[in-house]
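Residue numbers (my numbering), protein chains in the order written: chain A, 505 to 647; chain B, 505 to 647. Idealized CB from N, CA, C, for every residue including glycine. Here's the structure we're looking at; comments come further down.
There are 2 protein chains.
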Amino acid sequence: MGKTPRETNVTPSFTAEKLRAAGLRPTRQRMELAGHLFAGLDRHVTAESLHDEVVNSGIKVSLATVYNTLHQFTAAGLLRQVVVDAARGYFDTNTGDHQHFFLEDEGMLIDIPGDAIQVAGVPSAPPGMLVDRVDVVVRVRRT
Amino acid sequence: MGKTPRETNVTPSFTAEKLRAAGLRPTRQRMELAGHLFAGLDRHVTAESLHDEVVNSGIKVSLATVYNTLHQFTAAGLLRQVVVDAARGYFDTNTGDHQHFFLEDEGMLIDIPGDAIQVAGVPSAPPGMLVDRVDVVVRVRRT
DNA sequence: AGATACTTTAGAATAATTCTAAAAACTGTT
DNA sequence: AACAGTTTTTAGAATTATTCTAAAGTATCT
C-alpha cells in the first residue's frame with residue numbers, strides 16, 4: 505500500500521510536531537482539524553464549512569473550537585485569512601505569495617500563483633504607514 | 505457668496521434629477537443621503553457612519569433606510585461596494601476605475617487612481633466564467 | 001497520580017445586516 | 001387640493017456570522 509509523497513506529511517506525529525512548533529498543544533480537535541486542512545492540496549474553508557466537514561466525518565468538535573482553531577492557526581502562520589465576501593470569512597491553507605479568483609456565484613476561491621500576476625505602480629504608503637500586503641481579487645461570474 | 509464649481513452639482517434639483525434618472529423617487533431621506541454622499545469629494549462610508557453623520561446633522565432617518573438606500577444607489581451605479589474588512593461593508597462614491605489603500609488600524613480607505621496601478625498576468629477566467637472586476641487592496645498599517 | 005495551565009464547549013451575547021408589515025409619503029389624475 | 005395607487009420609510013423583530021463566558025475536560029510536567 506503505497507503512499508504518495510503528498511500524503512507523507514500527514515502522519516499524526518508530523519501534525520503533532522507542527523502544532524507544537526506553533527506553540528499549540530496537539531489536542532484531539534486540533535489534530536483532527538489540522539488533518540483535514542493540511543492533508544493534501546491547498547484549500548479554502550470557512551468556519552462553517554470546515555465544521556460541517558469534520559462533524560460529517562464522525563468527529564465531535566464544536567463550532568466555537570473551529571473558530572478558535574482557525575484563528576490560532578492563522579496567528580501561527582499556518583493559515584491565512586482571505587477577505588472577499590462581506591458575509592463570510594475564508595481561510596486559506598496556502599500562506600505563500602499568491603492571489604485569488606473569487607467565483608461570486610458560488611462563493612468559491614481559486615488560487616492564482618504569485619508569480620503569475622504582477623502589480624505595478626503601487627504608490628508609496630501614506631506617511632507613517634507601511635505596506636502589509638497587496639491583495640488582488642479577480643471577481644468572476646458565470647457567463 | 506460664491507460657489508465653487510465642486511458645489512455646483514449639489515443643488516436639490518440636480519440631486520432630484522440624479523435620483524429620477526436612477527429610477528428612484530426623490531424622497532426626503534434619499535435627497536438627504538445623496539446630499540451627504542455626493543456633495544463634494546469622493547468618500548467612503550459604512551451604513552453606520554453615514555447614518556450617524558446624517559442623524560447628527562439633524563435629519564431623521566432610520567438605519568434600515570440607510571441600508572436600503574446604499575443598496576439602491578449601488579444597484580443604480582451611483583455607489584460601489586468595497587470589500588476589505590470582514591466586519592463592515594464599505595461604500596465608495598467613486599465608481600470609476602481605481603483601487604484602495606486600506607488602513608487596517610483605523611478601518612479607513614484611501615483611493616488609488618486607476619491609472620496609477622497596473623495588474624498584469626491575470627490568468628484567463630475559469631471556463632464558463634468572465635471577469636467582473638479586478639480589485640486590488642493595499643493593506644497598510646501604522647509603522 | 002496530582003498539580004497546573006491550557007482547551008473545549010454549550011449557550012449566551014454581540015454586531016452587522018435583513019426582513020416584516022403597517023404607517024407615511026410620492027405622483028399622476030381629477 | 002383631494003384621490004387613488006404605488007412606492008418608501010420605519011420600528012422592531014429576525015437572521016447570520018462570530019465572539020464571549022464560565023464551567024468541565026484534557027494535556028503536560030513532576
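Query                                                                                                                   : Result
Cutoff 8 Å: residue 577 of chain B Cβ touching any chain A Cβ                                                           : no
Residue 517 of chain A versus residue 586 of chain A - alpha carbon distance                                            : 29 Å
Cross-chain neighbours of residue 629 of chain B in chain A, by beta carbon under 8 Å                                   : 605, 642, 644
Boundaries of the alpha helix (DSSP H) in which residue 588 of chain A is found, first to last residue                  : Looking at the DSSP string, residue 588 of chain A is not in any alpha helix (DSSP H), and its letter there is neither H nor E.
Short-range partners of chain A found in the stretch 589 to 614 of chain B, where Cβ spacing is below 7 Å               : 589, 590, 593, 605, 607, 608, 614
Cα-Cα separation, residue 622 of chain B to residue 614 of chain A                                                      : 21 Å
Beta-carbon gap between residue 547 of chain B and residue 636 of chain A smaller than 8 Å                              : no
Reference residue 610 of chain A; option with closest CA among A:539, A:588, A:524                                      : A:588
Cβ contact check for the stretch 519 to 537 of chain B and the stretch 568 to 585 of chain B: 3 or more pairs under 8 Å : yes
DSSP-derived helix/strand/coil call for residue 579 of chain A                                                          : helix
Through-space distance from residue 608 of chain B to residue 542 of chain A, alpha-carbon basis                        : 29 Å
Proximity test, Cβ basis, 8 Å: residue 622 of chain A and chain B                                                       : yes
Buried or exposed by the 16-neighbour rule on C-beta atoms within 10 Å, applied to residue 596 of chain A               : buried
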